[in-house]
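Below is one structure, written out as structure tokens; comments come after it.
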Amino acid sequence: MPEPTDLLSSVFGFSAFRPGQEEIVEAVLAGRNTLAIMPTGGGKSLCFQLPALCRPGVTVVISPLIALMRDQVRALRAVGVEAGALTSGNTEGETEGVFAALDEGRLRILYIAPERLASGATLSLLRRIGCTLIAVDEAHCVSQWGHDFRPDYLRIGELRRALDVPLAAFTATADEETRAEIVTRLFGGEAPLTFLRGFDRPNLRLAFAVKDTPRAQLLSYAATRRGQSGIIYAATRAKTETLAQALAQGGHSACHYHAGMEADERRRVEVRFQQEDGLIVVATVAFGMGIDKPDIRWVAHADLPKSVESYYQEIGRAGRDGAPADTLTLYGPEDIRLRRSQIDESPAPADRHARLNALLGLAEATRCRRQVLLAYFGETSDPCGNCDLCEQPAALFDGTQAVRKALSAILRTGEWFGAGHLIDILTGTATPKVRERGHDQLPTFAAGRDLTKPAWGAVFRQMMGRDLVRPDPERHGALRMTDAARPILRGEQTITLRRDTLQDAPRTVVKALVADEDAPLLSALKAKRRTLAEAQGVPAYIVFPDRTLIEMAERRPATLDQMAQITGVGAKKLESYGAAFLSVITGAEAAPLHPQRLRLAGREAGAVFDRLHAEQLRLARGEHGTEKPLSCSTTTLRKIAESRPSTLAALEDVGGLGPQRMDRFGAAFLAVLREG
2 MPEPTDLLSS VFGFSAFRPG QEEIVEAVLA GRNTLAIMPT GGGKSLCFQL
52 PALCRPGVTV VISPLIALMR DQVRALRAVG VEAGALTSGN TEGETEGVFA
102 ALDEGRLRIL YIAPERLASG ATLSLLRRIG CTLIAVDEAH CVSQWGHDFR
152 PDYLRIGELR RALDVPLAAF TATADEETRA EIVTRLFGGE APLTFLRGFD
202 RPNLRLAFAV KDTPRAQLLS YAATRRGQSG IIYAATRAKT ETLAQALAQG
252 GHSACHYHAG MEADERRRVE VRFQQEDGLI VVATVAFGMG IDKPDIRWVA
302 HADLPKSVES YYQEIGRAGR DGAPADTLTL YGPEDIRLRR SQIDESPAPA
352 DRHARLNALL GLAEATRCRR QVLLAYFGET SDPCGNCDLC EQPAALFDGT
402 QAVRKALSAI LRTGEWFGAG HLIDILTGTA TPKVRERGHD QLPTFAAGRD
452 LTKPAWGAVF RQMMGRDLVR PDPERHGALR MTDAARPILR GEQTITLRRD
502 TLQDAPRTVV KALVADEDAP LLSALKAKRR TLAEAQGVPA YIVFPDRTLI
552 EMAERRPATL DQMAQITGVG AKKLESYGAA FLSVITGAEA APLHPQRLRL
602 AGREAGAVFD RLHAEQLRLA RGEHGTEKPL SCSTTTLRKI AESRPSTLAA
652 LEDVGGLGPQ RMDRFGAAFL AVLREG
């Protein structure tokens, strides 16, 4: 059985596991039932793909989306792994090709859609092909309470029992309740070996901004990231279309995506996004789980997400290659009002307000956002230095008196009015509506002249965010006080607020992917990647992800051996693309390597091969150059270089050299091997 670390390097081009991967790979490889909750971009796929290549038989991967399966199959084939998918999206030829590969015993990893489990023929197929492991991607789809629920996922537990094989389940989004449901439905209630990896994504910069002129804010944000792939999430279908149009008019490559579009149209957008560098997709949350593009450089929210979980999942689509990525979430009082009303008007559980409060606590945070976000998931961290509040701390003030004045105005007007009218009262603005209702005679009239109207807007927004007041749907959104506000009103509790964030335009920080001196080379490498990807009709990242090109630009390999040591350059990728990218870096054609030598590129055995080859040339006609020419095949030299025999007997056994060649080369080869 091959060693996982060897395949990690030779196939996938990684010199080491990412944190948390190795233990999961070992558990899956050992045939343990496994549940792994890992952050998006944490390398979940490798945790079942690598064991699949080490174990005998076929690993069956159940995945919820055709696009996701296609991308993973394409990426596996690009590194030389035989993989296939059986989905409703296959052409007849594709399906025939998969069955042929299965019948010939070539296919190691088979992706199938959960809907295929409804067919009785699937079980007999999996038995016939020798399925020895089931891997379940996006395992949270088994949860009937989740928004990604897929009924056919409920059949997986039955399949596991019928085949009597181990099961490995993976997800990035599973709270305690969902984890319990996964254990019940997939593992029959028998607790699997569970790995709960941290939720932190340190390469993501976190930022929130209060809505001022939202469209202008988003256009400005996109303009500073021109040429980078990004997603803007919007709350409505109409907004996705108008925002995409505005971006296109601003000279960006942009399109929209929502569930109201025809399936073919949605698929065209998905394909465009996968294959085009620098495309911006403005989408509803329908554009989600199937997006497996590792080099999305930014994600923005035009509106407040529904929960911390949704926010975490959506920003998690950026920077999956580990390179720096940026996020921005816009929010305002209307977002808060809308979310509160949606909860009040739905038969949702009572804890929905608590979940929204957690998200608003993140939006109105007064300290490091990453600390607040991770605390929600039960983790602690030091200030991250990679969020807007670490870079520019919030200006705070004692808001106790302001909040008491606002609550007083709400109560004295019978909890019948919204923030706009209440702010008029507090600032002493005698509008016709204020005078008509006699509110200019209230003790609170003009009691808040010490704050501007925008500042009062921020106070009311934060009061809604802290759940001190809620819009009443039965009173057309009028604000009413909650029990949480009573201690402040009675003077039993103080409250600290942020100064109006609209007074300070949020700073735009764009982290460069490489140093200035490496930027031109990175651009040239990206251009080469785009040319190769377009010629093959594959997404650019299938050739190489951004992270690999960044390392090339920084380390500037000068030989194929050095190129092989770049992260993400495995043997197949080196053979396919190594020389092309090396010529961009060096400005000259790369010296070709024999295929057998290429297999050793970047390894110590490569240097040994070169010395063995040099000795063979020196002794081709004997020590004195007068004997009959003799040589060894490059395959033989590769085997000797890899196995490093230490005696003449072992050398003869490994190389199969025979008496003549042993007499000519044996001692010299052994001397090379002893030198190391």
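When we follow the numbering used here, the leftmost residue of the sequence shown carries the number 2, and every step to the right adds one.
For every residue, glycine included, the Cβ atom is placed at its ideal position computed from N, Cα and C.
The structure displayed is predicted, hence computed values, not measured ones.
Per DSSP, what are the beta-bridge partners of residue i in this structure?
i, result
"F209", "T330"
"H302", "Y234, T330"
"V283", "I233, H257"
"P472", "L480"
"I1", "In the structure as shown, the chain starts at 2 and stops at 677, and residue 1 therefore has no counterpart that could be examined."
"T497", "D399"
"Y112", "V62, A86"
"C388", "L207"
Pull up the distance between the alpha-carbon of residue i and that of residue j, whole angstroms please.
i, j, result
"R356", "R318", "22 Å"
"Y377", "R238", "30 Å"
"R491", "I426", "21 Å"
"D336", "E177", "28 Å"
"P507", "D547", "The predicted position of P507 is uncertain, since its pLDDT is 48 and thus under 50; no value can be drawn from it."
"S254", "E277", "9 Å"
"A395", "E315", "25 Å"
"P540", "G231", "15 Å"
"A608", "L360", "56 Å"
"L503", "D213", "With a pLDDT of only 49 at L503, under 50, the local geometry of the prediction cannot be trusted, and the value read off the model is given with reservation. L503 and D213: Cα-Cα distance of roughly 7 Å."
"F446", "F209", "33 Å"
"A364", "Y332", "8 Å"
"R405", "L469", "11 Å"
"L638", "D654", "13 Å"
"A420", "T172", "42 Å"
"Q467", "I489", "Reading off the sequence shown, one finds Arg at residue 467, where the question assumed Gln. Taking the straight line from one Cα to the other gives about 12 Å."
"V59", "P65", "19 Å"
"V496", "N358", "Reading off the sequence, residue 496 comes out as Ile, not Val. Their backbone Cα atoms lie some 16 Å apart in a straight line."
"L1", "L339", "The chain is shown from 2 up to 677; residue 1 falls before or after that span and cannot be answered."
"R675", "T6", "25 Å"
"L207", "P455", "25 Å"
"W417", "R481", "8 Å"
Just to check my reading of the structure: residue i and residue j have Cβ atoms closer than 8 Å, yes? What is that Cβ distance to the nearest angstrom?
i, j, result
"L631", "A621", "7 Å"
"Q73", "C48", "Contact flag wrong, Cβ pair sits at about 13 Å."
"H257", "A247", "H257 to A247, Cβ: 11 Å. No contact."
"G81", "V12", "7 Å"
"G579", "L561", "5 Å"
"R226", "R298", "7 Å"
"M70", "A53", "Rounded, the Cβ-Cβ distance is 14 Å, inconsistent with contact."
Taking all protein chains shown into account, do 16 or more other C-beta atoms lie within 10 angstroms of the C-beta of residue i, making it buried, or fewer, making it exposed?
i, result
"P295", "buried"
"D505", "Note that D505 has pLDDT 44, beneath the 50 cutoff, so the model's placement of it is unreliable and no number is given."
"E191", "exposed"
"K629", "exposed"
"L408", "buried"
"Y112", "buried"
"G400", "buried"
"A672", "exposed"
"A170", "buried"
"F670", "buried"
"T330", "buried"
"A615", "exposed"
"H422", "buried"
"S647", "exposed"
"F398", "exposed"
"R162", "exposed"
"A28", "buried"
How is the beta strand (DSSP E) around residue i delimited, first residue to last?
i, result
"F398", "397-399"
"I135", "132-137"
"I63", "59-63"
"A84", "84-87"
"T532", "Where T532 is concerned, there is no enclosing beta strand (DSSP E), although the alpha helix (DSSP H) it sits in stretches over 520-537."
What span of residues does the alpha helix (DSSP H) with residue i cover, start to end?
i, result
"P488", "487-490"
"Q393", "Segment: none, Q393 is in no alpha helix (DSSP H) and carries neither H nor E."
"P295", "From DSSP, P295 is part of no alpha helix (DSSP H); its letter is neither H nor E."
"E24", "22-30"
"F288", "From DSSP, F288 is part of no alpha helix (DSSP H); its letter is neither H nor E."
"D104", "93-104"
"G320", "Careful: G320 lies outside any alpha helix (DSSP H) and carries neither H nor E."
Can you find a C-beta in chain D that's less than 8 Å from the C-beta of residue i?
i, result
"G251", "Absent here is chain D; the protein component of the structure consists of one chain."
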